[in-house]
Amino acid sequence: MTTMTQPTTAAVRTVHLTKIYGQGDTQVTALNDVSVEFIRGQFTAIMGPSGSGKSTLMHCAAGLDTPTSGQVFIGQVDATSLSDTNLTLLRRERVGFVFQAFNLLPTMTAEQNILLPLKLAHSKPDRQWLDTIVKVLGLQDRLSHRPAELSGGQQQRVAVARALITRPEVIFADEPTGALDSAASNELLDFLSRSVHELGQTIVMVTHDAHAAGFSDRVLRLADGRIVSDEPVNHPIAGQTPVPTTGFTSGAVAGTPNFAPAPGSAPQMGAANPQRPDDAPDAGLKRQAGDN
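Counting in the working numbering, the sequence shown runs from 33 upward without gaps.
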């Protein structure tokens, strides 16, 4: 399935992306000719069963893994044509990451962790932008705290703020609520949504959780390395019962769940996501066959 719009609307786009692991009898096609655009100012969720290719798509689109064939454009830059050094710089300057692990430095305060990407890039902080991010994420009273003094939800919000501080082209979130309880998860998802609708951020989130996907604007579903459905999510009006998006109740794929958020946790508009120090996501993130 090909999902394309005008190139100028895309923060990230893939063109005929294929990823193959192994050779011969052990060969696994994790992505099979996937062309898709992630639109600027939109919150996209990627879903699919284990082995569907959802994490592989995110890692290739983020420049963390190299496709077997095809292209990845981050903004107008062909990331697949860059040297390792230039690709690292592109990720550091244009891409933010939020992972299940918070990846905060324990000896630094929340504010120091947030500003770390700018320090590594020898860039001067924009205090007005920092204040805006901190306000949206509700961290005003936590900036002087170290990670051990913060709850899990607060630590993940610091990670989100760290991702936002460089004003990236896109933020990739890989199961960002996986280590959080339900209340903290709902809070984080709302912050992610607000970062899109209030700060103009672009977010691509991989999740296995239909409830989490309900906070997004759009849900891509993968199976066997291909996109099998691409649908918008209908957000309910405050105070009303959520209305499922047509196509999700019955599903383009058998068993596709209703992606509308549960009553009482409907997105009011959500938050953001983090960038790891020294572009650390490279370490240990190369995908293994079948682990996608």
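Quick reminder that beta carbons are idealized off the backbone N, C-alpha and C, glycines included.
Source: prediction; values computed, not measured.
R159, buried or exposed, once every other Cβ within 10 Å from all chains shown has been counted against 16 | Residue numbering aside, residue 159 sits at position 127 when the sequence shown is read from its first letter. Under this definition R159 is an exposed residue.
For G184, three-class secondary structure by DSSP | By 1-based counting over the sequence shown, the position of residue 184 is 152. DSSP places G184 in helix when its eight states are reduced to three.
Does the separation of the CB atoms of K86 and L254 fall below 7 Å?
-> In the sequence shown, the residue the question calls residue 86 occupies position 54. In the sequence shown, the residue the question calls residue 254 occupies position 222. Yes.
Any idea what DSSP makes of E219, helix, strand or coil?
-> On the sequence shown, residue 219 is found 187 positions in, with the first residue counted as 1. Residue state, collapsed to three classes: helix.
Roughly how many whole angstroms lie between the Cα atoms of V202 and A242?
-> As a working note, residue 202 is residue 170 in the sequence shown. As a working note, residue 242 is residue 210 in the sequence shown. Rounded to the nearest angstrom, the two C-alpha atoms are 22 Å apart.
Bridge partners of F247, per DSSP?
-> As a working mapping, residue 247 is identified with position 215 in the sequence shown. DSSP, once it has assigned bridges, lists no residue as partnering F247.
Mind checking K151: buried by the 16 CB within 10 Å criterion, or exposed?
-> On the sequence shown, residue 151 is found 119 positions in, with the first residue counted as 1. Counting Cβ neighbours within 10 Å, K151 comes out exposed, since fewer than 16 surround it.
Residue range of the unbroken beta strand (DSSP E) whose run includes L63 = Position 31 of the sequence shown holds residue 63. Segment V60 to I71, the beta strand (DSSP E) holding L63.
Reference A211, options G246, R124, V251 and Q186, closest by Cα | Position 179 of the sequence shown, counted from the start, is the residue given in the question as residue 211. Looking at the Cα atoms, Q186 is the closest of the given residues.
Applying the criterion that 16 or more other CB atoms from any shown protein chain within 10 Å of the CB defines a buried residue, is A111 buried or exposed?
-> Sequence index remark: in the sequence shown, residue 111 carries index 79 (1-based). That one is buried.
Run of the beta strand (DSSP E) containing R258, from where it starts to where it stops = As a first step, residue 258 must be located in the sequence shown, where it is residue number 226. Run containing R258: R258 to P264, per the beta strand (DSSP E) assignment.
How should Q108 be labelled, buried or exposed, when 16 other C-beta atoms within 10 angstroms of its C-beta is the threshold for buried?
-> As a first step, residue 108 must be located in the sequence shown, where it is residue number 76. Its Cβ having fewer than 16 others within 10 Å, Q108 is exposed.
DSSP three-state assignment for L121, whether helix, strand or coil = Taking the first residue of the sequence shown as 1, we reach residue 121 at position 89. If DSSP states are grouped into helix, strand and coil, L121 belongs with the helices.
Output the distance between the C-alpha atoms of V275 and F223, rounded to the nearest integer angstrom.
-> Along the sequence shown, one-based indexing puts residue 275 at 243. Along the sequence shown, one-based indexing puts residue 223 at 191. In this prediction, V275 scores a pLDDT of 39, lower than 50, which makes its location untrustworthy; the coordinate-derived value is nonetheless stated afterwards. Answer to the nearest angstrom: the Cα atoms are 21 Å apart.
Just the Cα atoms here: how many angstroms apart are A195 and V47?
-> In the sequence shown, residue 195 corresponds to position 163, counting from 1. In the sequence shown, residue 47 corresponds to position 15, counting from 1. Rounded to the nearest angstrom, the two C-alpha atoms are 26 Å apart.
Per-residue DSSP class, three states only, for A111 = As a first step, residue 111 is located in the sequence shown; it is residue number 79 there, counting from the start. Correct three-state label for A111: helix.
Whether I235 touches A193 by CB criterion (7 Å) = Against the sequence shown, residue 235 aligns to sequence position 203. Against the sequence shown, residue 193 aligns to sequence position 161. In this structure, A193 does not lie closer than 7 Å to I235 by Cβ.
How long is the line joining the alpha carbons of Q188 and P99, rounded to whole angstroms?
-> If you number the sequence shown from 1, residue 188 lands on position 156. If you number the sequence shown from 1, residue 99 lands on position 67. If I take the Cα positions, the gap works out to 29 Å.
If we ignore side chains and look at the alpha-carbon of each, how far apart do G128 and S183 end up?
-> Position 96 of the sequence shown, counted from the start, is the residue given in the question as residue 128. Position 151 of the sequence shown, counted from the start, is the residue given in the question as residue 183. Straight-line Cα distance between these residues: approximately 22 Å.
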